[in-house]
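Taken in sequence, the protein lines are chains C and R. Residues 1 to 213 in my numbering are what the first sequence spells out, letter by letter. Residues 214 to 426 in my numbering are what the second sequence spells out, letter by letter.
2 protein chains.
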Amino acid sequence: MSQLLRVQNFTVSSDGIAAGENQSFESPFGLDHGEMLEWAGATASWPNRTEPGGSRGLDDYFTRDFAHNIGAEIMGRNKFGPQRGPWADHEWLGWWGDEPPFHTPVFVMTHYERPSFTLGDTTFHFVDGDPATVLEQAKKAADGKDVRLGGGVTTVKEFLDADLVDTLHVVVSPVTFGNGLRLWGSPDELLDRFHFDVVPSPSGVTHHLFWRK
Amino acid sequence: MSQLLRVQNFTVSSDGIAAGENQSFESPFGLDHGEMLEWAGATASWPNRTEPGGSRGLDDYFTRDFAHNIGAEIMGRNKFGPQRGPWADHEWLGWWGDEPPFHTPVFVMTHYERPSFTLGDTTFHFVDGDPATVLEQAKKAADGKDVRLGGGVTTVKEFLDADLVDTLHVVVSPVTFGNGLRLWGSPDELLDRFHFDVVPSPSGVTHHLFWRK
C-alpha cells in the first residue's frame, strides 16, 4: 500500500470559507469558528476532549480516524501561529500547549528558518520548499504511514493545485460567513480529478469525501 | 477511556437477516451472501483485499475502522466453523487460511473444550461461559483496547440481550431473503437503550450506528 496524503476533518462554512482574512493571537481562525466546529467537539473521539461522553455515531468515525495510520503532518505557517515574516524570537510553540494533538513529526511550511523543537511526542520542523519537496520529507518521516495535510486553507489549496492530495474530507457546516478565505466556490470544482461521496450527517453538517480517480 | 464492546460492519438484508438456517462448509453463511457483502469488498480497506484500488468514500471509513483500537474478538462457534456438537478432531482451523484477518486473541464461544492454537498472529481460544464472563476474559486479553463482537447473529443477539454491547454498526443491504436468522424485526427495537444515526451510503447500503445511552 502506498503512502497517501490525506486531508481530514477540514471544516468550511456553507459558503466554502475556512478562515478569516485577519488571523490574530486572539482569533486563530480569523473568524468566529466555534459554531462551525461544534460537530467535532460533540464526538467521543475529538482529540481535545477532556471529559467523558460524546457521540459515537457517524461524526465520530471521522474524528477517530484523525490519527489512524498517520505518521506525519504538514501544515502551513498560519496554522502554526499568527506571526508573519521573520521570527522575532522562538518563544511561540504553537497553539496547543505542552501536549499537541499530533504525536508525530510536523512539518511547518515557512520561508523563514527556525530550529526544530519537540513538545510532548510531537516534533515541529520548519521547512522552506515547494509542496512536492515537503511531501517527500514528510513521507520519509512518516515511516510507511500516511501523511496528514493539516491546513490551513491556503496550504490545502497549494497541494490541490499541485495535484498531490490523495483523499480529502471536507465538512460543510451550516453557518455562513460571506467574507474570508475560501476553499472552493463549489465542491464540483474537484470532480474532474476525484471520486466523490456526499454524506449528510444527522448532526447537521455534510461530509464531503473525495478520493483520487 | 473504558474498554468498549463493539459490533462492526455487521451486514444484514433489508429484512434483517444475517445468515441462513443451514450453514455448511460450502455455504459459511447458509445463504447466498455475496451480493450482501459487495459494499465491503469494494472498499480500499477491506481486510481481504488482494489487489490495489477500491473506494475511499464513506464505506471505506467503516471497513478501515475494523481493527482500529481493537485488542480481541469474541465470536460464536458458528462463525468459526460449520461443525456442531463435540469436536470430531482438531483439524478445522477456521475459514480464513494461514493468515486470519484478526491479528489479536479470538475467543470462540463453545460448550465443547478444545486447546488454543495460533495461526499467523491470531490466537484462537475456546471458551465455555456466559457472555459477561467471556467479555471479561476478552477485555483482559485486549490489554486496554476495545473488544470486537464478531458475530454470528445468534451471538450478537445474546450479547444485546445481556446489555453488554456498547456500540453497534449494522449495514443494511438492499437484498431480501425472506427466511433465515434475523438480527431484528426493525432497528427501532434498540432505541430504548441506544442513540441512533442512520446514514444512507452512495453505494446503496444504509449504515445504522447505535451507541449506548
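Every residue, glycine too, gets a C-beta built ideally from N, C-alpha and C.
{"Asked": "Val-147 (chain C) vs Phe-126 (chain C) beta-carbon contact at 8 Å", "Found": "no"}
{"Asked": "Neighbour list for Arg-361 (chain R) in chain C, Cβ cutoff strictly below 7 Å", "Found": "Those within 7 Å of Arg-361 (chain R) in chain C number zero; the least Cβ separation is about 15 Å."}
{"Asked": "Interface flag, His-338 (chain R) vs chain C, CB-CB below 8 Å", "Found": "no"}
{"Asked": "Residue-level contact to chain A via CB, Pro-202 (chain C), 8 Å cutoff", "Found": "Checking the listed chains, one finds no chain A in this structure; the protein chains it contains are C and R."}
{"Asked": "Minimum C-alpha distance to Asp-214 (chain C) - residue among C:Glu-113, C:Arg-212, C:Val-165", "Found": "With chain C running from 1 to 213 in the structure shown, residue 214 (chain C) is simply not present."}
{"Asked": "Asp-65 (chain C) vs Ala-44 (chain C) beta-carbon contact at 8 Å", "Found": "no"}
{"Asked": "Beta-carbon separation (whole angstroms), Asn-261 (chain R) vs Pro-314 (chain R), contact threshold 8 Å", "Found": "6 Å"}
{"Asked": "Minimum Cβ-Cβ distance from Thr-380 (chain R) to chain C less than 8 Å", "Found": "yes"}
{"Asked": "Residue-chain proximity (Arg-297 (chain R), chain C), Cβ-Cβ < 8 Å", "Found": "no"}
{"Asked": "Range of the contiguous beta strand (DSSP E) that encloses Leu-373 (chain R)", "Found": "Counting along the chain, Leu-373 (chain R) falls outside any beta strand (DSSP E), though it belongs to the alpha helix (DSSP H) covering 366 to 374."}
{"Asked": "Contacts that Asp-197 (chain C) makes with chain R (C-beta to C-beta distance below 7 Å)", "Found": "Gly-270, Leu-271, Pro-415"}
{"Asked": "Min CB distance His-68 (chain C) to chain R below 8 Å", "Found": "yes"}
{"Asked": "is_contact[Phe-112 (chain C), chain R] using C-beta, thresh 8 Å", "Found": "Looking at the sequence itself, residue 112 (chain C) is Tyr, so the reference to Phe does not match. No - not a single Cβ of chain R is within 8 Å of the one on Tyr-112 (chain C)."}
{"Asked": "Helix, strand or coil at Arg-269 (chain R) according to DSSP, with G and I counted as helix", "Found": "coil"}
{"Asked": "For Arg-77 (chain C), the three-state DSSP class (helix, strand or coil)", "Found": "helix"}
{"Asked": "Distance between beta carbons of Ala-42 (chain C) and Ala-138 (chain C), contact taken as under 8 Å", "Found": "Ala-138 (chain C) to Ala-42 (chain C), Cβ: 30 Å. No contact."}
{"Asked": "Contact with chain C by Trp-252 (chain R), beta-carbon distance below 8 Å", "Found": "no"}
{"Asked": "Top-ranked residue by Cα proximity to Glu-264 (chain R), from C:Ile-74, C:Ser-2, C:Val-156, C:Ile-70", "Found": "C:Ser-2"}
{"Asked": "CB contact below 8 Å: Leu-209 (chain C) versus chain R", "Found": "yes"}
{"Asked": "Neighbour list for Asp-65 (chain C) in chain R, Cβ cutoff strictly below 7 Å", "Found": "Tyr-274"}
{"Asked": "Closest Cα partner of His-303 (chain R) within the set R:Trp-309, R:Pro-387, R:Ser-329", "Found": "R:Ser-329"}
{"Asked": "Three or more C-beta pairs below 8 Å linking the region 191 to 200 of chain C and the region 25 to 39 of chain C", "Found": "no"}
{"Asked": "Pair within 8 Å by beta-carbon distance, Leu-4 (chain C) and Asp-143 (chain C)", "Found": "no"}
{"Asked": "Identity of the residue in R:Leu-403, R:His-281, R:Gly-391, R:Gly-393 nearest Lys-358 (chain R) by Cα", "Found": "R:His-281"}
{"Asked": "Three-state secondary structure (DSSP) of Gly-41 (chain C)", "Found": "helix"}
{"Asked": "Contacts around His-324 (chain R), its chain only, beta-carbon distance under 7 Å, and the 5 residues preceding and following it disregarded", "Found": "Asp-341"}
{"Asked": "Under the three-state DSSP convention, the category Asp-143 (chain C) falls into", "Found": "coil"}
{"Asked": "Length-filtered (3 minimum) beta strand (DSSP E) runs lying within the region 272 to 337 of chain R", "Found": "283 to 289, 318 to 322, 330 to 332"}
{"Asked": "Neighbourhood of Asp-98 (chain C) by C-beta, 7 Å cutoff - its chain only, sequence neighbours within 5 removed", "Found": "Leu-119, Gly-120"}
{"Asked": "Chain-order list of residues whose beta-carbon lies under 8 Å from that of Asp-401 (chain R) (same chain, five-residue window excluded)", "Found": "none"}
{"Asked": "Cβ neighbour criterion (16 or more within 10 Å) applied to Lys-426 (chain R)", "Found": "exposed"}
{"Asked": "Residue from C:Pro-131, C:Gly-57, C:His-103, C:Pro-174 with nearest C-alpha to Lys-157 (chain C)", "Found": "C:Pro-131"}
{"Asked": "Supposed close pair Arg-56 (chain C), Trp-424 (chain R) - CB separation, criterion 8 Å", "Found": "4 Å"}
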